[in-house]
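**Student:** Below are the structure tokens for one structure; questions will follow.
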Amino acid sequence: MSRNLTPEPVATGSAETRIGQLRWREYGGPREAAGERTLLFVHGLLTNSDVWGEVVQNLSQDFRCITLDIPLGSHTIPAREDAALTVAELAQAVNEAAEQLCPHGFTLIGSDTGGVVSQLAAVREPAGLKRLVLLSCDTEKNFLPLPLRYLQYVAYIPGTMQALRAALHLGWVRRLPIAFGRLVKRELDAAEWNSIITPLKDAGVRRDLAKVLKGISTKYTVQSARDLERFEHPTLFLWADTTKLFPIEYARRLASRMPDAHVVPVPESYAFSQLDQPEFVANALRKELDG
Numbered sequence: 091m092s093r094n095l096t097p098e099p100v101a102t103g104s105a106e107t108r109i110g111q112l113r114w115r116e117y118g119g120p121r122e123a124a125g126e127r128t129l130l131f132v133h134g135l136l137t138n139s140d141v142w143g144e145v146v147q148n149l150s151q152d153f154r155c156i157t158l159d160i161p162l163g164s165h166t167i168p169a170r171e172d173a174a175l176t177v178a179e180l181a182q183a184v185n186e187a188a189e190q191l192c193p194h195g196f197t198l199i200g201s202d203t204g205g206v207v208s209q210l211a212a213v214r215e216p217a218g219l220k221r222l223v224l225l226s227c228d229t230e231k232n233f234l235p236l237p238l239r240y241l242q243y244v245a246y247i248p249g250t251m252q253a254l255r256a257a258l259h260l261g262w263v264r265r266l267p268i269a270f271g272r273l274v275k276r277e278l279d280a281a282e283w284n285s286i287i288t289p290l291k292d293a294g295v296r297r298d299l300a301k302v303l304k305g306i307s308t309k310y311t312v313q314s315a316r317d318l319e320r321f322e323h324p325t326l327f328l329w330a331d332t333t334k335l336f337p338i339e340y341a342r343r344l345a346s347r348m349p350d351a352h353v354v355p356v357p358e359s360y361a362f363s364q365l366d367q368p369e370f371v372a373n374a375l376r377k378e379l380d381g
């Protein structure tokens with residue numbers, strides 16, 4: 091097995107939400123694990139819950155961990171054909187899944203575009219939410235980051251998502267700054283790339299990805315930042331300083347305006363620190379939750 095593909099879960103299933111079914115996998119502690127001891131992980135654009143593999147493997151020794159697959163391009167269950175797939179709708183779907191999967195409370199952990207979804211989910215104050223953790227992600231007017239912003243516009247061109255799938259089979263394309271070049275510092279292996287690319291064979295998945303990209307707008311992140319200024323739950327910005335994508339100054343600026351937030355830098359990592367520094371990420375989460 092690839093070093094970061096997710097270990098064997100203790101349970102799997104799908105949660106029924108307004109946008110369709112969200113696949114989930116559960117690891118570690120009992121369903122009755124209270125509050126912060128249940129961790130709900132939300133991945134980013136063009137990835138799925140496999141990106142949390144090593145982090146979950148580490149933390150599931152002490153915590154109940156649940157990973158969600160949401161329709162961001164590498165998911166395996168397409169959303170309903172008529173579903174609206176703005177990040178706001180994805181956030182509501184995450185909250186609906188959390189209500190079913192985390193009845194005794196949870197900590198919400200999001201990365202990249204999943205960090206935006208997590209911000210929007212958290213400020214709606216879902217029942218049971220105890221804490222928010224944001225890995226490097228879009229904030230305020232930085233959505234999408236400039237090197238990746240073209241994706242919002244090419245999504246309107248028919249056939250672009252199919253072309254994207256073909257292009258991602260080429261190693262030199264994947265390493266470009268406008269692809270994964272500033273998202274992942276280490277080399278992903280074939281199994282990890284297959285986890286990202288193979289779902290795009292499904293026309294429904296490609297349709298979902300195009301919908302999400304077309305719906306991206308800074309109106310969501312600007313509003314969520316305003317709402318986070320009144321968000322009283324403890325919040326950790328676990329941030330790799332990828333200056334070209336998600337500068338750590340953006341995290342510090344937002345955290346400084348929140349009632350109970352702080353920033354922990356992740357060393358030697360690009361934006362997907364759960365892939366580049368899984369042990370550091372797991373240890374930082376454990377320290378935060380056990381502290």
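Read in the numbering used here, the sequence shown has 97 at position 7, and its numbers run on one by one without any break. Using N, Cα and C, we set each Cβ at its ideal position, and we do this for glycine too.
Does DSSP put Ile268 in a helix, in a strand, or in coil?
**Tutor:** Here Ile268 sits in coil by DSSP.
**Student:** Can you pull the DSSP bridge partners for Phe336?
**Tutor:** Thr332.
**Student:** Can you tell me whether DSSP reads Val263 as helix, strand or coil?
**Tutor:** DSSP places Val263 in helix when its eight states are reduced to three.
**Student:** Can you tell which of Leu328, Val356, Gly305 has its C-alpha closest to the C-alpha of Ala345?
**Tutor:** Selected option, being the one with the closest Cα: Leu328.
**Student:** Excluding the 5 residues flanking Gln190 on each side, which residues of the same chain have their C-beta closer than 6 Å to its C-beta?
**Tutor:** Within the same chain, Gln190 has close Cβ partners Ala105.
**Student:** Going by the CB atoms, is the gap between Leu379 and Arg127 shorter than 9 Å?
**Tutor:** Cβ atoms of Arg127 and Leu379: closer than 9 Å.
**Student:** Any beta-carbon of chain B closer than 9 Å to the one on Trp142?
**Tutor:** Chain labels in this structure do not include chain B; a single protein chain is all it has.
**Student:** Less than 9 Å between the beta carbons of Leu180 and Ile167, yes or no?
**Tutor:** No, Cβ-Cβ distance for Leu180 and Ile167 is not below 9 Å.
**Student:** Excluding the 5 residues preceding and the 5 following Val263 in the sequence, name in chain order all residues of the same chain whose CB lies nearer than 8 Å to its CB.
**Tutor:** Taken in chain order, the residues that qualify are Ala257, Ala269.
**Student:** Give the range of the alpha helix (DSSP H) segment to which Thr128 is assigned.
**Tutor:** No alpha helix (DSSP H) holds Thr128; the beta strand (DSSP E) holding it covers 128-132.
**Student:** Compare the beta carbon distance of Leu375 and Ile247 with 9 Å and say whether it is the shorter of the two.
**Tutor:** Contact flag unset, no.
**Student:** What first and last residue would you give for the alpha helix (DSSP H) that runs through Asp317?
**Tutor:** Looking at the DSSP string, the run of the alpha helix (DSSP H) that includes Asp317 is 308-318.
**Student:** Suppose you measure from the CA of Pro368 to the CA of Glu144; what does that come to, to the nearest Å?
**Tutor:** Answer to the nearest angstrom: the Cα atoms are 6 Å apart.
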